[in-house]
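> This is the structure I have questions about; it appears just below.
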Amino acid sequence: MGMKSCGKGHFYDERTHSTCPYCGVPIDLGETVGRPPDAVGVSPETVGEDFPKTRAAGSRGPRRDPEETVGIFRKRLGLDPVVGWLVCIEGPDRGRDYRVHGERNFIGRDATMDIVIAGDTSISRENHAVLSYNPKRHTFNLAPGDGRGLTYLNDEELLAAAPLAPYDTIEFGASKLLFVPFCGERFTWPVAPPAAG
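The opening residue of the sequence shown carries number 1 in UniProt numbering; numbering runs sequentially from there.
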């Protein structure tokens with residue numbers, strides 16, 4: 001064995017190591033230097049705002065499936081505005097809110113659902129329930145989905161579609177949610193009539 005001693009008195013096998021494995025190779029990593037606070041995009045309030053979103057190569061932005069069904073509400077307004085919220089008041093996602101949009105909102109754990117309650121594994125992945133907003137009548141309804149679990153509205157089992165009132169409670173799985181409408185008697189999104197022609 002060809003043992004060698006480094007300048008600090010460590011012994012090592014020079015056939016296995018080119019330098020002392022105890023001392024390592026001295027590397028000057030320098031000091032991390034941040035941008036000055038007046039630089040664009042670095043204040044704590046705006047970190048990253050000036051950077052474009054990451055896109056796949058060749059992508060020109062979000063694309064819609066040409067075969068996707070677009071609701072009348074979204075089509076006429078040109079956007080899919082919030083019409084209400086569900087707020088989790090009991091369960092794994094307690095304190096979290098979920099946006100309700102016009103027309104039908106499918107509820108489940110799967111990322112493809114309109115309202116995704118991922119933290120509660122006792123909720124069906126898909127279509128546990130359906131919460132709908134009727135933009136013509138400005139009313140909300142809740143219907144059981146085709147998932148395995150039951151849905152409760154104000155502590156009563158939901159067997160068919162039922163109207164929702166402000167601050168009704170909805171339960172599925174281990175979660176209890178409070179319904180908070182945005183649209184109703186006092187406010188509605190103006191929906192333009194369809195173009196003639």
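Every residue, glycine too, gets a C-beta built ideally from N, C-alpha and C.
Run the CB neighbour count on Tyr22, radius 10 Å, all protein chains shown included, and call it buried at 16 or more, exposed below.
exposed
> CB-CB under 6 angstroms to Gly147, same chain, minus the five flanking residues each way: which ones, in chain order?
Residues Ser124, Asn127 and His128 of the same chain have their beta carbon placed closer than 6 angstroms to that of Gly147, with the five preceding and five following residues left out of the count.
> Below 6 angstroms CB to CB, which residues in the same chain sit around Cys6 once its five sequence neighbours on both sides are set aside?
These residues qualify, in order along the chain: Cys20 and Cys23.
> Name the residue from Ala143, Gly173, Asp93 and Arg109 whose alpha carbon lies nearest to the alpha carbon of Leu159.
Ala143
> How would you call residue 206, buried or exposed, if buried means at least 16 neighbouring beta carbons within 10 angstroms?
In this structure the chain extends from 1 to 197, so residue 206 is not present and cannot be described.
> Between Leu86 and Val100, how many whole angstroms is the CB-CB distance? I'm expecting something under 8 angstroms.
6 angstroms
> Name the DSSP bridge partner or partners of Ala143?
Val130
> Measure the Cβ-Cβ separation of Pro163 and Gly119 and say whether it is below 7 angstroms.
no
> Would you call Pro135 buried or exposed, if buried means 16 or more other Cβ atoms sit within 10 Å of its Cβ?
Burial of Pro135 is indicated by the presence of at least 16 other C-beta atoms within 10 angstroms of its C-beta.
> Along the chain, where does the beta strand (DSSP E) that runs through Arg104 open and close?
Glu103 to Gly108
> DSSP state of Trp85, grouped into three classes?
Note: Trp85 maps to strand in three-state DSSP.
> Taking the beta carbon of Phe11 as the centre, do at least 16 other beta carbons fall within 10 Å, making it buried, or is it exposed?
exposed
> Can you name the start and end residues of the beta strand (DSSP E) that Glu171 belongs to?
Segment Thr169 to Phe172, the beta strand (DSSP E) holding Glu171.
> Among Tyr133, Ile89 and Pro181, which residue has its Cα nearest to the Cα of Phe172?
Ile89
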